[in-house]
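Q: Residue numbers (the working numbering), protein chains in the order written: chain A, 1 to 972; chain B, 1 to 374. In this text, a Cβ means the ideal position worked out from N, Cα and C, and glycines have one as well. Predicted model, so just to flag it, every value in this text is computed and none were measured.
#1: Is the region 803 to 813 of chain A touching the region 766 to 781 of chain A, taking contact as three or more C-beta pairs under 8 Å?
#2: Distance, Cα to Cα, residue 315 (chain A) vs residue 306 (chain A)?
#3: Beta-carbon of residue 145 (chain B) versus every beta-carbon of chain A: anything under 7 Å?
#4: Is residue 554 (chain A) helix, strand or coil by DSSP?
#5: Would the C-beta of residue 608 (chain A) count as close to the ligand SAM, meaning under 6 Å from any of its heavy atoms?
#6: Which of the three DSSP states is assigned to residue 788 (chain A) in this structure?
#7: What ranges does the beta strand (DSSP E) occupy inside the region 220 to 285 of chain A, keeping only unbroken runs of at least 3 residues that lie completely in it?
#8: Could you tell me the boundaries of the alpha helix (DSSP H) in which residue 400 (chain A) lies?
#9: For residue 43 (chain A), count the other beta carbons within 10 Å of its own beta carbon; 16 or more makes it buried, fewer makes it exposed. Which is it?
#10: Is it buried or exposed for residue 222 (chain A), if we count other Cβ within 10 angstroms and need 16 for buried?
#11: In chain order, which beta strand (DSSP E) runs of at least 3 residues are fully inside the region 32 to 70 of chain B?
#12: For residue 235 (chain B), would you say it is in contact with chain A, using Cβ-to-Cβ distances shorter than 7 Å as the test?
#13: Would you mind sorting residue 484 (chain A) into buried or exposed? The rule is 16 or more other CB atoms within 10 Å of its CB.
#14: Got a sec? Which residues, its chain only, sit under 6 Å from residue 842 (chain A) by beta carbon, not counting five neighbours each side?
#15: Can you tell me whether residue 288 (chain A) is buried or exposed, with buried defined as 16 or more other CB within 10 angstroms of its CB?
#16: Please confirm whether residue 489 (chain A) and residue 362 (chain A) have their CB atoms less than 7 Å apart.
#17: For the region 754 to 766 of chain A, enumerate the residues whose C-beta is nearer than 8 Å to any C-beta of chain B, in chain order.
#18: What residues of chain A sit near residue 201 (chain B), judged by a beta carbon separation below 9 Å?
#19: If the cut is a Cβ gap below 8 Å, which residues of chain B does residue 836 (chain A) touch?
#20: Who are the neighbours of residue 167 (chain B) on chain A, taking C-beta pairs under 8 Å?
#21: Whole angstroms is fine: what's the gap from residue 620 (chain A)'s alpha carbon to residue 827 (chain A)'s?
#22: Measuring CA to CA, which of A:200, A:92 and A:82 is closest to residue 142 (chain A)?
#23: If you draw a straight line from the C-alpha of residue 407 (chain A) to the C-alpha of residue 573 (chain A), how long is it?
#24: State yes or no: is the beta carbon of residue 221 (chain B) nearer than 7 Å to at least one beta carbon in chain A?
#25: What ranges does the beta strand (DSSP E) occupy inside the region 178 to 224 of chain A, keeping only unbroken runs of at least 3 residues that lie completely in it?
#26: Quick check: what's the CA-CA separation for residue 30 (chain A) versus residue 577 (chain A)?
#27: Go through its chain and collect everything with a Cβ distance to residue 865 (chain A)'s Cβ below 7 Å, but skip five positions before and after it.
#28: Indicate whether residue 38 (chain A) and residue 353 (chain A) have their beta-carbon atoms separated by less than 7 Å.
#29: I'd like the span of the beta strand (DSSP E) that includes residue 740 (chain A), first residue to last.
#30: Could one say the Cβ of residue 822 (chain A) lies closer than 7 Å to chain B's Cβ atoms, at least one of them?
#31: Short of 7 Å in beta carbon distance, which residues of its chain neighbour residue 139 (chain A), apart from the five on each side in sequence? Order them along the chain.
#32: The region 172 to 184 of chain B: which residues have C-beta closer than 9 Å to a C-beta of chain A, in chain order?
#33: Quick check for students: name the residue ranges of the beta strand (DSSP E) that lie wholly in the region 813 to 847 of chain A, counting only runs of 3 or more.
#34: Run through chain C and tell me which residues come within less than 7 Å of residue 833 (chain A), C-beta to C-beta.
#35: With a cut-off of 8 Å on the beta carbons, I'd call residue 790 (chain A) and residue 716 (chain A) a contact; round off their distance for me.
#36: Is there a Cβ of chain A sitting closer than 7 Å to that of residue 218 (chain B), yes or no?
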């Protein structure tokens, strides 16, 4: 009977779990890793990017995103939309062709693969015969022309992939008609390019690698004209009036040929090597676009003088007298131009996909400014070193951050985003969320993470506070007057940090007060406040000796950053006003801020400190270092040789030398190879070592036991059960928890009387596992609210009558202690049971999907196995678990951040965040619809997005209970 | 050795046991009521008075039915000794300061065969023994700490061995390494190769080596009762480290010759001694011989793991706090937030003063370290 009832209870709980928890990977933010192909549909106004890992991603208007993954683990080499249709064709590295379509389903579109095809040649033919090198999606929408390495052109009917053998254009057919005097006639090589005559769909030009171009009539199945170019062919472009063919070649030249002239005439109108005299690199793609009553635009990639600028990634834009060589940050994958309207209208924007970012250039505004992209932002413009998420930002702070950001983005074009396909049907996000990423170069980026698009809001640089090496050579890359080629740098990808000490390691933002604290690699802790005006001020630095007189060691790590003593002009936005520098300058490992008490707590591998940012002085310093821990003493981070770092250094070395070596014709590729070879050797060595793990109990002598992992402020019952006091809690790597009672002067004397801290408790966990989280639960078992949350009426005030509990989360187990007398109450073992360890932990609130008013708090845990667990509070029972990240993906696991409402982000590549949701109620995922295009081109949606209106749609449905104290309401 | 007495004993052995005690060269014989005997202390004092050696610290031993010389030093083994009397209970008394007796399996039998029961003088025997094996000094159980045991012999297949390592309280490292490997399983479909985790190395002088119960290339099947199938090497490592205070590993020894056989001849040996006799044979390590005694305690200590695990060290530095609070209260203006703790705490203050070596100074931190690392 009893068992029966219990069973009933269990099923009820199970049902509740289903109402509360649900795991979905919802959307990928950022820039795809290793893009390898670009496609664009002018009729759908959709952009497609294929990647080396076989993913295909479609983007239209902001919020319109589709993703597909090929089953084959092969790189996507080409993407072609079928003209005027919703289908697209991808060519993979394994020579397979795939047909994808956008199919409507329940009012939304989804990307589906509907067919695959591999060319089969005659039996016994070498594989080169059917190895596809070029693809032409014919404007009829029914044919695909496939040029191969063997020089044949196969014609396939789509969407069924039916081979039309009788219409194939074999190499023999072409070779027979080649003029006798053409030097390359014996070997025309592969089909490099296939282009259709824009005015006559029956004519295509076949461009062979050797240089020969043949205009072929698909109807009559015969050659119409031979264009006997003699240089290796790189690309072919047929001008829109159908009168000219432009070819680009491997020697950096391009030629313009008249169509329809006599066969034997050398119709070479013009051959030009734009950056000539000295040998040039190939022009890999050339495009010419007419304008209404003006000179055409000529766009081509490459063609740079081999010796002096061979390493630049350039696209040259020539329009009349204007000639600019756009200098990109990484290798150019592909580019295309967007037309403002139907055919023959002016090109409005140039879209360039480079390896690390997507750059869109406004071709209609003077100076060709860059249009800020609403998606595909290179998150890794400098490597991401940490991230921090803040849910439900008050509107006031949101507005101020946007305003500060708007001042920074003035150099961007005012034009709206030109790619506008599809409709975003996703509901407006329920709240305003901020994702902050800290970068290696000392920059903190603020992202609007409320919706599907991770949109940049504001960028904070902390480097200005310090003297750095980079100051001197800042102007090195600026082009001088009259320089040829006329370079212009575009793009923001810059992974080379000149001073790794600037790297941001920890961030904490108080969303109610606008106080921000960031901490970095060289033990620096900056406290910043939001100011709407630019201000010139000196940042007061305070050096804190965390060793507290421990002697007999020498810090062998990096030195402290050198602070600028003169006043520095800080632009509007977050401006630093206080700086703490830890001594030794070890990386800051824990950081927290209490805006109500105006205190910042920070920790390193040596100890932790408490800083009063109102009075600008230190309240407390505690050394947690074990004096025998030599590794921690000396600063291991600088001594442990990481591969990533050494690779970066070797790149940096190469890069630095590049400037000086450029004139000496030194091929730095050789150096790079050398570095790579060395790296490979190192890796191979590591592989050979037998994988063996030591089994040993943790002891107090282990290294880094003193490293501070977590810091926590709580107003709780630390010393007796009738009076709550402010307290600071610190957890170390060695399983030790320190608790300090804080005494704050009354508000009216806050500025004069000192804040004091006294150690009240110390808990040494028996199992000695690192303490990764500390939470105090109130009398109801709910986690204490954030500072100022209650003051702003956004949280129920904590229950101060019942007894509080302390929840200590170590890597191995969860343990609840009573307060104020610390005694173990209950625990949940994790590692002992399944061998996984806690890597990331957060407190989240889960709302029920069934009833609006039910919800509960839970712990969200990510383990080193990549599994997500939800643990109930306050009873610490395992609720659900989902596999989320591959266990080998250590950096992905390390990068994970949780939101307060059961979502999370982690890096799937250096440049992409995957967003996931554990909640049934809060789910941000793309919901979009793409209609099949009508033949007419005049349907243009009004721009729904642009740099001029960064505050997109106002979130009317949001629970903006903070708006009441906000003077100017947003117009609804 | 008078027969009539023993015959009487046979008649009475339901109620009375014969005791023959020997101290140096003197023998005493007396009877004890099987039911009415008291505890060990009573018996100890009785022997002291019988042998007229009050105040002399002695060790008591008895010969059990297998001829083993076993110690009597608490109520439990005294009762065991009494119950094993058949009906004769032979007691051997040695002075504590003398070289102690070698307790252990077969310790009496061997002598019985070679020299007879009378030759109990251990000094010479010990020296003859030491040529092959150094004689062991075995102290009181309270001086011992259990470091390992073989458990669950009755429920495990013979090819498996479940070993408990008691890291708790020793300074010795666990001292072994594990690696990935391939294990061969016999399944109904035939022989199948599956990934497994194996012991790859034993650290010299480590706990794992000294017990002699674990060996290189032993396959690890379970950690504290949890199957490791499907777990990565790192997971198994973490599980072992997490359980390191009371680690129970189930292994399939690579050397299957020393398995615990479900004995036929020995009917009443304890689980612990049976297991260790198996291991003692193959392992020359002297410490292995200590198992019979220690292993017998394993059940008593068995379920204490949670408490062991739970004893986090908690320091409540109220003393220091109160001092400072009082001081600051006196010094500072009285309009500050009142701190009633200072009033409510004087009792705990004194207590914590004693227990906590006061304060948060670095010295005390170091002391803490020592306290914990016991």
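A: Checking against the coordinates, here is how it stands:
#1: With the cut-off at 8 Å, the region 803 to 813 of chain A and the region 766 to 781 of chain A touch.
#2: Approximately 15 Å, taken between the alpha carbons.
#3: With 7 Å as the cut-off, residue 145 (chain B) does not count as an interface residue toward chain A.
#4: Under the three-state reduction of DSSP output, residue 554 (chain A) falls in the coil class, being neither helix nor strand.
#5: Looking for the ligand SAM in the displayed structure turns up nothing, as the structure carries no ligands at all.
#6: In the structure shown, residue 788 (chain A) adopts coil according to DSSP, grouped into three states.
#7: List check, beta strand (DSSP E) in window: 222 to 228, 233 to 238, 244 to 249, 254 to 258 and 268 to 272.
#8: Start and end: 395 to 408.
#9: It counts as buried.
#10: That one is exposed.
#11: Within the region 32 to 70 of chain B, the complete beta strand (DSSP E) segments at least 3 residues long are 58 to 63, listed from N- to C-terminus.
#12: Yes, residue 235 (chain B) lies at the interface with chain A (some Cβ there is under 7 Å from its Cβ).
#13: Classification of residue 484 (chain A): exposed, given that the 10 Å Cβ count is below 16.
#14: Closer than 6 Å at Cβ, skipping near neighbours: 860 and 898.
#15: The residue is buried, with at least 16 neighbouring Cβ atoms inside 10 Å.
#16: Their beta carbons are not under 7 Å apart, which means residue 489 (chain A) does not touch residue 362 (chain A) by this criterion.
#17: Taking 8 Å as the Cβ-Cβ cut-off against chain B, the residues of the region 754 to 766 of chain A that qualify are 756, 758, 759, 760, 761, 762, 763, 764, 765 and 766.
#18: Using a Cβ-Cβ cut-off of 9 Å, residue 201 (chain B) is close to 692 and 694 of chain A, given in chain order.
#19: Those are 235 and 238, listed as they occur along chain B.
#20: 697, listed in chain order.
#21: Going from the Cα of residue 620 (chain A) to the Cα of residue 827 (chain A) covers about 31 Å.
#22: Answer by Cα proximity: A:82.
#23: Spanning the two alpha carbons is a distance of roughly 9 Å.
#24: So, not an interface residue.
#25: If only uninterrupted beta strand (DSSP E) runs of at least 3 residues are considered, those enclosed by the region 178 to 224 of chain A are 191 to 197, 200 to 208 and 212 to 217.
#26: Residue 30 (chain A) and residue 577 (chain A) have their alpha carbons spaced roughly 32 Å apart.
#27: In its chain, beyond the 5 residues on either side, 836 and 887 have a beta carbon closer than 7 Å to the beta carbon of residue 865 (chain A).
#28: Yes; because the gap between Cβ atoms is below 7 Å, this pair is in contact.
#29: 736 to 743 is the span of the beta strand (DSSP E), which, as asked, contains residue 740 (chain A).
#30: The beta carbon of residue 822 (chain A) sits closer than 7 Å to some beta carbon of chain B.
#31: Contacts found: 83, 196 and 201.
#32: Flagged, chain order: 173, 174, 175, 176, 177, 178, 179 and 180.
#33: Taking only runs of at least 3 residues, the beta strand (DSSP E) segments lying wholly in the region 813 to 847 of chain A are 813 to 818, 824 to 829 and 838 to 847.
#34: Here chain C cannot be found, since the structure's protein chains are A and B.
#35: Taking a contact as a CB-CB distance under 8 Å, the pair residue 790 (chain A) and residue 716 (chain A) does not count as one, their CB atoms being some 14 Å apart.
#36: Cβ-Cβ to chain A under 7 Å: no for residue 218 (chain B).
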